[in-house]
Structures are given as structure tokens and as C-alpha cells.
Amino acid sequence: MNFKVFCATIKKGIQIRIRAYPVSFMVGCILTSFYTILGSYLMYHYFFLGQLSESFELNARTTDYMSYAIVGSLMYQFIVRTCLNVSRTLITELREGTLESLMLAPFKRTSYFLGNMTMQTVLTIGETAVAAVIGIAFGFRISDFNLYHFIVAISLSLYGFFGLSLMLGCVMLYTRDTYISQNTLFAIIFLVCGITFPKEALPYCLQLFGNVIPVTDAVTLMRASLLGGLTDSEFLYLGLQEFILGTIYIVAGMPLMKHVEHIALEQMEG
Amino acid sequence: MNNSMRLFSKVVWAEACKQHRNYFNNRAIYISLFVWPVFSFLSAYYSYSAFDIRGTFISYLSDDNILLFLLIGYMAMSFFRSVVQSAWRFSMERQAGTLEYIYLSPANRMAVLLGNALSSVFESSVVMLIFGIMIMYYQRNALNIDVLGLISVMIIFVVMALLWGVFLNACFLYSRDTDFLFTVLEEPMEIFAGVKIPVVIFPYWARVISLIFPLTYILEALREVCLNHADIASVRIILIISIAIIIVLLTVTLVTIRVVEKHMRKSGNVILF
Chain A
464 MNFKVFCATI
474 KKGIQIRIRA
484 YPVSFMVGCI
494 LTSFYTILGS
504 YLMYHYFFLG
514 QLSESFELNA
524 RTTDYMSYAI
534 VGSLMYQFIV
544 RTCLNVSRTL
554 ITELREGTLE
564 SLMLAPFKRT
574 SYFLGNMTMQ
584 TVLTIGETAV
594 AAVIGIAFGF
604 RISDFNLYHF
614 IVAISLSLYG
624 FFGLSLMLGC
634 VMLYTRDTYI
644 SQNTLFAIIF
654 LVCGITFPKE
664 ALPYCLQLFG
674 NVIPVTDAVT
684 LMRASLLGGL
694 TDSEFLYLGL
704 QEFILGTIYI
714 VAGMPLMKHV
724 EHIALEQMEG
Chain B
19 MNNSMRLFSK
29 VVWAEACKQH
39 RNYFNNRAIY
49 ISLFVWPVFS
59 FLSAYYSYSA
69 FDIRGTFISY
79 LSDDNILLFL
89 LIGYMAMSFF
99 RSVVQSAWRF
109 SMERQAGTLE
119 YIYLSPANRM
129 AVLLGNALSS
139 VFESSVVMLI
149 FGIMIMYYQR
159 NALNIDVLGL
169 ISVMIIFVVM
179 ALLWGVFLNA
189 CFLYSRDTDF
199 LFTVLEEPME
209 IFAGVKIPVV
219 IFPYWARVIS
229 LIFPLTYILE
239 ALREVCLNHA
249 DIASVRIILI
259 ISIAIIIVLL
269 TVTLVTIRVV
279 EKHMRKSGNV
289 ILF
């Protein structure tokens, strides 16, 4: 890990963000999470008049549907933003024409991606905080906060998201497409990762799909740290699972990225 | 008269073909046309699993037809959403520099817009339509259709979706700012038009917002005739409102086309930017 590259990447990222991107982009992301929360609110309070199914209470281990859905949608917002930025960094460089100069510079892959991830996390935490405040108006209550669990959940989530972003980044750089790949992944995550409903409601094959995406466990861990419902040993088990999954993604993603970079550079026109 | 009709339909067809060639040369488009709508439909369906369906006081809803209730919503939305995307693509004409060719040609402007909407409504929604009809066939016992009602509602529905598309396209003759379309028409339409939550149960403020979307009215009628065996007489008020909306959309579009062209002639330059 090269600290200089790490810092330079963060600095570069923040400068680009301030100078080139309008605020409306951030507002758009907060709005998405707002609409998800609003949809859940109308569904819970008006459509089904607050009557939860037995299977929900059993699988979600909480009876507070609104908090359940809000934590899910905040985490979803987080992963979307991380993927949008970390995965897209290299293809954006390619499109803006800076990939070549980046490769000529003393570029360290790990530091570069970690720098991007750090910058992104700091910015996204701000957005998520705004969305969380909106969530409070819709009934978001932290009922059983556990600081240690929270720290573990955040670290493991970031670890897992980083791995996932790397993989998505490889696909993007290889296919030269961001629109189809990112939106397909987001649609899959929203369906199989237990964002607004427990994944146990899904058919078995879709559940398996959810198990290999390092978002499912991250969302469950985060919920457990805020709303309770998991014993310590269950928490540890899930945490370990998320760690292993994240490691697999990162260990496979880093060399793959290097390989795809070569392909991208070879085929690059102009 | 006959000749001008022939020219009109020629332009409509030409524009529809052009759209097809432009966007269906890449297989990946089928992912966005099929995978995304189906996944978002499934997400909505499974999110219902958190609730006890007997809790709702919509009389005709039950465990059996809730899937169809939602499916009709998502199928109808895919039509309305496809025209939003077509309008967005239409705004690309301006950036690609082809809008001024359309203006230079003697083609009827309305026919161009109609051709664009026609191609997107039928081509983009057909995959979702086939998927929906398959599920409906599979679940046919839960259907409670009034055939005559369904036919008349479907006709009004298709006309409305087309004119909604034409209207959105016309907006882009005037403006280059396309972001608002997605902020206003993607997710809010899903929530407020009653795609996954029936409008009837909305609180007052949400009902007021729902009145903005033409989809709200026709979707209600569609569900009534498909699930509640409602005949034309019982949905007549919705149908009258829908026809009124169609007339308004048509008028506004025709006026917009005229006003924009006048404005362009006065203040535009060769490349319209």
C-alpha cells in the first residue's frame, strides 16, 4: 500500500467532485432512497393497515417494519453509490482519456482503489445521514443499538462492498458498458439481498443467489447492530461469512482487474 | 385528404422504422426491456410477503389475485415508462444534430412524434406484455374479466399511452433539460400512480399528487375490468376522465408543436442549439 498514491487519489477525487459534478446528482440519490421509504410507508400504514405476516416476524426478527425497511434502503443507497463510483473509476478514466496517463504515472492498484473507496465512503456517509433524518420522519427508530456490533457491521460492509465494486468494475471495463451492467446488478441486489423484505420469502434458487452477493449479510449485520434480533454467536457467524465472501471477491477481483486493464489498454483507440 | 393521410402514415412508419434500427441493433437492450421490469415486479411482489394480505380493506383483493393485481400494474407501467425513455432518446436527436433535418423536411411534425412513440410503446413493452400474459394464463382462475369492458379499456389505454409519449416528445422539442423527466416520472409514477399500492387507500395529499399522472386513472379501470368483473357502465366515470385527458394531451401537443416551430423560426439558428 502506497500512502502517497492513496492521498493523491482522494485529493483528485474530491477536486473532480467539487468542480465537475453538480449537486443535483447527490440529490437524485437521496430522492431514490426517499421514494423507497415512502413506498414502504404507504404500503405498511395504509395498504395493509400495519398488519405484518407471521413469516415476516419470524424471519426478520423484529416487528418494526418501518425501521427494517429504512435500514435496508439506506444500505441499498450506500452500495449503489459505492458501486457507481468505485467500479466506474477506471472506465471513467478511459472515457475521459486519462487512463493512459494514469498508467504512465506510478499507479498502485490497491492504493488507488482504496483511495477512491475512502473518498466515496466519506461523501456517502453524508448522504446517508440526510436520508436517515428523512427516515426518522417516517418512523425509523433505533431500538437496540450495540456500538461494537455497529463498528463491525460497518467495517465488514465496506469490505464486502469494495469486493463487489471491484468485480463490477472488471465487467464494466471489459464490456465498455456502465448502463446495462450497473442497473442489472442494482435490480438483482434489490430483489435478492433482503433490502425491503426478508430473503427467506424468495424461492430457494434466488436465495442462493443472494447468499453469494456480499450485500445480503452486510444488510443483516447492520440491522442487527441497530435493531437487535441476533445473538452474539449468530452475529459472529454472519460476520465471518461476510468476511470470507468479501475476501473471495477482493482476492479474485484485484488480479482480474489488472488483466482487464491490459485488455482495455491494448484495445484503446486514441 | 386521402393523399395527406397516406403521407402522414408514411412518416409515422418511417420514424418508427428509424427508431427500431437505432435501438434494436444491440442485444443488450433486451436486458433493459425484460430483466429490469421483471426484477422490479418481483421485488414488489415479494415485498408484499411481509404483510398479512387479509389486513387490507380493498374488497376484491385476496391471496389469489394479489399477484395479478401487481402484474397489471407493472405491465401498464412498462407502456408508460417506455415512452418516457423514448422521449429521452428523442432529446438525443438534438444533440446528434438530426432534429434540424426533421425540421427541414416536409414531414408532418405530429407524425414524427407519433411514429417515435408508436415504435417505443409496442417494441419496448412487448417483452413485458408476453411475460404478463403467460403469468395471467397460468393464474387464469384468479381473473374475473368483463370482456367487453376490457376491450374498450384497452383501446383507451393504448391511445393514452401513445399520446402521453407524443406529448413528452413534444416537450423536448422545446427543452434540452431532460433530467427532470426521470426525477418526476420514474419512481414517483411507480408510487403515486398506484402501480404497487392502490390509489384508493392513499392519504389525501398523496391522492392529490396521484391525479397528475394519466396512468392513475386508466390503471384503475384496467384492474376493475380484469379482477372485479366491472362492465363499461361501472367504470364509465374513469373512462370519461381518460378520454378528456386524451383530448387535452392531443390539444396541448398540437399547440406545443406550432408554438415551438414559430419560436425556432424566430430565434433559432441553423443548428438549433
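Chains A and B, in that order, give the protein sequences.
First residue of the first sequence: 464, per my numbering; consecutive thereafter.
First residue of the second sequence: 19, per my numbering; consecutive thereafter.
Even for Gly, the Cβ is constructed at its ideal location relative to N, Cα and C.
Check                                                                                                                                                                              : Outcome
Measuring only the C-alpha atoms, how far is threonine 274 of chain B from tyrosine 192 of chain B?                                                                                : 8 Å
Please report whether the beta-carbon of isoleucine 90 of chain B lies at a distance below 8 Å from any beta-carbon of chain A.                                                    : no
Exposed or buried, what is glycine 115 of chain B when buried is set at 16 or more other beta-carbons lying within 10 Å of its beta-carbon?                                        : exposed
Quick check: the Cα distance between isoleucine 479 of chain A and threonine 581 of chain A, rounded to an integer number of angstroms?                                            : 15 Å
If we require 4 or more residues per run, which alpha helix (DSSP H) segments fall completely within the segment 660–703 of chain A?                                               : 667–674 and 679–690
Spatial neighbours of methionine 635 of chain A within its chain, please: C-beta separation below 6 Å, excluding the five flanking residues on both sides.                         : Ser550, Ile554, Thr641 and Ser644
Is serine 285 of chain B buried or exposed, if buried means 16 or more other CB atoms sit within 10 Å of its CB?                                                                   : exposed
What are the residues of the segment 655–684 of chain A that lie near chain B, defined by any Cβ-Cβ distance shorter than 7 Å?                                                     : Thr659, Phe660, Ala664 and Leu665
Skipping 5 residues on each side, what residues in its chain have a beta carbon closer than 6 Å to that of alanine 239 of chain B?                                                 : Val171, Val253 and Ile256
Taking three-plus beta-carbon pairs below 8 Å as touching, is the segment 199–213 of chain B in contact with the segment 258–275 of chain B?                                       : no
Spell out whether any CB of chain A is found under 8 Å from the CB atom of serine 100 of chain B.                                                                                  : no
Under 8 Å by Cβ, that's how I've got leucine 88 of chain B and phenylalanine 59 of chain B pegged, so tell me the actual separation to the nearest angstrom.                       : 7 Å
Straight-line CA distance for alanine 125 of chain B to valine 29 of chain B?                                                                                                      : 6 Å
What residues of chain B sit near glutamine 514 of chain A, judged by a beta carbon separation below 7 Å?                                                                          : Phe69, Asp70 and Gly73
Can you tell me the Cα-Cα spacing of isoleucine 71 of chain B and valine 102 of chain B, whole angstroms?                                                                          : 32 Å
Between glycine 560 of chain A and the ligand GTP, is there a pair consisting of the residue's CB and a ligand heavy atom that are separated by less than 7 Å?                     : You won't find the ligand GTP in this model; it holds no ligand whatsoever.
Which of the three DSSP states is assigned to leucine 708 of chain A in this structure?                                                                                            : helix
Taking contact to mean at least 3 C-beta pairs separated by less than 8 Å, is the segment 177–184 of chain B in contact with the segment 96–110 of chain B?                        : yes
Counting pairs of beta carbons, one from the segment 665–674 of chain A and one from the segment 609–623 of chain A, are three or more of them closer than 8 Å?                    : no
What first and last residue would you give for the alpha helix (DSSP H) that runs through valine 243 of chain B?                                                                   : 232–245
Please confirm if the segment 588–606 of chain A is in contact with the segment 493–512 of chain A, defined as three or more CB-CB distances below 8 Å between the two stretches.  : yes
Taking Cβ-Cβ distances below 7 Å as the criterion, which residues of the segment 44–70 of chain B are in contact with chain A?                                                     : Ala46, Ile49, Ser50, Val53, Trp54, Phe57, Ser58, Leu60, Ser61, Tyr64, Ser65, Ser67, Ala68, Phe69 and Asp70
DSSP on leucine 515 of chain A, reduced to helix/strand/coil?                                                                                                                      : strand
Please classify phenylalanine 291 of chain B as buried or exposed, where buried requires at least 16 neighbouring CB atoms within 10 angstroms.                                    : For phenylalanine 291 of chain B, the predicted structure reports a pLDDT of 46, less than 50, and the residue's modelled location is therefore unreliable. A value from the coordinates is still provided. Exposed is the call here.
How big is the Cα-Cα spacing for leucine 627 of chain A and aspartate 164 of chain B?                                                                                              : 49 Å
Step through the CB atoms of chain A and report whether any lies within less than 8 Å of the CB of glutamate 205 of chain B.                                                       : yes
Take every Cβ of the segment 564–573 of chain A, pair it with every Cβ of the segment 718–730 of chain A, and state whether three or more of those distances are shorter than 8 Å. : yes
Measuring only between beta-carbons, confirm whether phenylalanine 140 of chain B sits less than 8 Å from chain A.                                                                 : no
Cβ atoms of leucine 85 of chain B and glutamine 157 of chain B: under 8 Å apart, would you say?                                                                                    : yes
Taking beta-carbon pairs under 8 Å, can you tell me which members of the segment 214–245 of chain B lie near chain A?                                                              : Lys214, Ile215, Pro216, Ile219, Phe220, Pro221 and Ala224
Sort A:Gly716, A:Val543 and A:Gly535 by Cα distance to glutamine 583 of chain A and report the nearest one.                                                                        : A:Val543
Phenylalanine 69 of chain B by DSSP, collapsed to three states: which one?                                                                                                         : strand
At a CB distance below 9 Å, what residues from the segment 147–173 of chain B approach chain A? Give them in sequence order.                                                       : none
Helix, strand or coil: how does DSSP classify methionine 464 of chain A here?                                                                                                      : coil
Please classify asparagine 548 of chain A: does DSSP put it in a helix, a strand, or coil?                                                                                         : helix
To which residues of the same chain is phenylalanine 497 of chain A closer than 8 Å at the C-beta, ignoring the five residues directly before and after it?                        : Ala594 and Ile597
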